[in-house]
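In our numbering, the protein residues as written are 16 to 697.
Beta carbons: idealized from backbone N, C-alpha and C, even for Gly.
Let me begin by presenting the structure, written as structure tokens, before commenting on it.
Given below as structure tokens:
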């Protein structure tokens with residue numbers, strides 16, 4: 016219950032106590048009047064009826080609240096006849112004055128004033144909103160028909176008549192009251208204000224659609240909007256909705272009724288697959304003036320709902336959100352660095368910091384951590400740390416954990432579209448020509464200096480071309496993919512390696528949706544890698560049929576997305592000439608990986624075997640005579656290691672020669688005599 020616009024004369028505790036006492040008295044008077052009428056004692060009904068009317072006015076004047084019965088009648092637009100029927104049926108359950116014998120519709124029609132048969136209709140309030148329960152089956156010899164069946168009051172309506180703050184147990188597992196999730200960014204407050212104005216309860220309300228950010232951040236926006244108008248939030252998720260129409264209609268009625276009774280704002284959290292079912296829920300509460308919000312990434316086809324979009328938090332707002340969350344969790348980390356490298360939503364920031372704080376504060380003896388007492392922290396939760404996961408007891412938090420939690424959150428939207436790699440080798444572990452090494456070092460400088468150049472020096476105000484993008488071109492096996500992973504390692508990023516077989520879809524528009532998810536995930540502190548992405552970034556062709564048209568649309572989308580991307584993206588290709596020139600122009604770096612010369616091959620052979628591999632007499636200079644790429648050298652070293660392990664001896668030149676012969680047979684490339692000269696004694 017909430018206060019009306021008139022100021023109450025009592026403090027909160029006294030108001031609730033007075034309201035509960037007088038509400039019970041009001042129910043007793045109304046029940047006494049209804050019982051007298053049903054028992055054909057109309058002269059005894061007038062006095063309690065007038066007393067109930069006067070008491071209801073007094074309760075509203077004293078507490079600022081209507082009685083439960085008056086509120087129920089107003090919510091469901093009950094007539095005086097329906098009101099008397101409801102009170103008479105509920106009286107035995109509430110210990111109130113009761114008519115003799117069971118209450119039936121036939122008896123009510125004969126005895127109560129202003130009776131009307133339409134109250135019995137299935138879509139009338141008493142039955143349509145399930146205020147009363149009518150038995151489904153009873154012996155026909157004992158009861159003559161619908162009007163002769165004894166009536167019972169719905170349990171949730173009993174609780175409502177007493178003013179109990181509860182929820183219908185039939186909604187368990189389907190709907191839940193939601194608690195605050197996080198702080199929102201200040202720039203998102205305008206949308207919250209607009210949302211509050213749209214969902215203020217009113218007759219015939221249609222609801223609205225809220226998109227933008229992620230599901231939990233949208234949920235917080237709805238919670239904030241509901242708080243502004245004195246409501247709580249009852250949420251139902253799209254996957255929890257039934258598939259059949261009858262079950263869906265029943266659930267919609269129960270949800271709308273619960274929202275009206277409990278002063279709830281109904282939040283429906285939809286997915287792409289469940290949007291049609293979600294929309295059906297929004298209209299269910301319109302007759303009660305119940306407001307509903309559909310939270311979804313995009314509007315359903317043909318929807319005429321008002322749409323509000325939650326804008327993303329700016330870098331400065333993310334910095335402030337990180338700072339506040341880190342302070343509450345007592346974690347030491349640079350909020351500005353986190354905000355720059357991990358452009359999470361407000362809910363993502365809260366979740367990442369909360370999870371890290373719980374792990375850091377968890378005692379080493381296995382007892383649950385104390386947490387930090389923030390509202391909603393139990394729901395956010397976290398996994399317990401395992402051995403080697405970080406400090407325990409009183410050692411305090413470790414700096415990299417917040418970043419790791421941020422990266423983990425960035426994995427969620429990938430859903431099979433990409434694999435996440437955590438590279439271990441840096442640029443110093445690679446053998447690269449000077450020009451490639453120089454370009455890669457410059458690429459690192461562009462990423463590390465973004466905060467100063469884009470922020471302090473004002474380049475971000477231009478709003479375009481803020482992505483750090485690179486094209487790695489060269490023959491197969493020359494280290495393009497390895498170099499991309501080394502760049503990520505130097506930056507402390509993960510690699511999101513796109514699976515083009517899953518990204519490219521035959522359905523119109525699906526490829527663009529998949530790419531959008533990849534780009535969004537990569538902006539949260541990862542390197543987006545399109546390995547061998549020739550097909551996706553290929554030159555646009557002349558339009559001959561619809562397939563050409565949609566293929567060109569995908570290229571156009573990629574070109575536009577690169578303009579707004581704020582992360583790091585790398586494309587590798589063996590055929591630079593196949594790439595659309597518009598992509599090449601938008602790449603900040605184009606790095607060529609040539610076939611390695613003899614000196615570079617010698618360095619590659621010198622580092623081809625891990626330190627733990629026993630070797631005997633390997634000569635990198637001799638091995639470098641073989642004109643193969645770095646990728647092939649790694650394969651030959653692995654083959655040789657297995658051959659030596661099978662013999663139980665260290666790896667020698669003979670094993671590498673055998674591996675080279677196996678590889679040449681596979682590639683149908685004969686070994687030249689000068690390539691293997693001096694490898695083994697003649």
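Kindly indicate which three-state DSSP category residue i falls into: helix, strand or coil?
i: residue 147; result: strand
i: residue 85; result: helix
i: residue 295; result: helix
i: residue 680; result: helix
i: residue 247; result: strand
i: residue 197; result: coil
i: residue 541; result: strand
i: residue 179; result: coil
i: residue 96; result: helix
i: residue 666; result: strand
i: residue 165; result: strand
i: residue 56; result: coil
i: residue 446; result: coil
i: residue 113; result: coil
i: residue 624; result: coil
i: residue 605; result: strand
i: residue 648; result: helix
i: residue 69; result: helix
i: residue 580; result: coil
i: residue 345; result: coil
i: residue 486; result: strand
i: residue 641; result: coil
i: residue 189; result: coil
i: residue 142; result: helix
i: residue 25; result: coil
Anyone know if the C-beta pair for residue i and residue j falls short of 8 Å?
i: residue 416; j: residue 347; result: no
i: residue 308; j: residue 168; result: no
i: residue 573; j: residue 530; result: yes
i: residue 488; j: residue 515; result: no
i: residue 339; j: residue 232; result: no
i: residue 617; j: residue 636; result: yes
i: residue 237; j: residue 251; result: no
i: residue 509; j: residue 436; result: yes
i: residue 166; j: residue 147; result: yes
i: residue 53; j: residue 126; result: yes
i: residue 274; j: residue 253; result: no
i: residue 545; j: residue 595; result: no
i: residue 306; j: residue 270; result: no
i: residue 33; j: residue 94; result: no
i: residue 603; j: residue 484; result: yes
i: residue 337; j: residue 350; result: yes
i: residue 589; j: residue 490; result: yes
i: residue 283; j: residue 318; result: no
Which residues does DSSP list as the beta-bridge partners of residue i?
i: residue 284; result: 252 and 310
i: residue 518; result: Note: residue 518 sits in no beta bridge, so no partner.
i: residue 436; result: 510
i: residue 105; result: DSSP lists no partner for residue 105.
i: residue 226; result: 324
i: residue 594; result: 553
Expressed to the nearest angstrom, what Euclidean distance is found between the alpha-carbon atoms of residue i and residue j?
i: residue 685; j: residue 463; result: 47 Å
i: residue 266; j: residue 313; result: 24 Å
i: residue 486; j: residue 297; result: 48 Å
i: residue 650; j: residue 584; result: 28 Å
i: residue 586; j: residue 663; result: 42 Å
i: residue 105; j: residue 241; result: 32 Å
i: residue 629; j: residue 666; result: 6 Å
i: residue 365; j: residue 648; result: 47 Å
i: residue 256; j: residue 243; result: 28 Å
i: residue 669; j: residue 639; result: 15 Å
i: residue 61; j: residue 87; result: 22 Å
i: residue 69; j: residue 80; result: 14 Å
i: residue 207; j: residue 471; result: 30 Å
i: residue 423; j: residue 368; result: 12 Å
i: residue 143; j: residue 96; result: 16 Å
i: residue 506; j: residue 459; result: 7 Å
i: residue 173; j: residue 205; result: 40 Å
Around the C-beta of residue i, are 16 or more other C-beta atoms found within 10 angstroms, so that it is buried, or is it exposed?
i: residue 161; result: exposed
i: residue 681; result: exposed
i: residue 171; result: buried
For residue i, decide whether its Cβ has a neighbour in chain C, counting only Cβ atoms nearer than 8 Å.
i: residue 443; result: Protein chain content of the structure displayed is limited to a single chain, and chain C is not contained in it.
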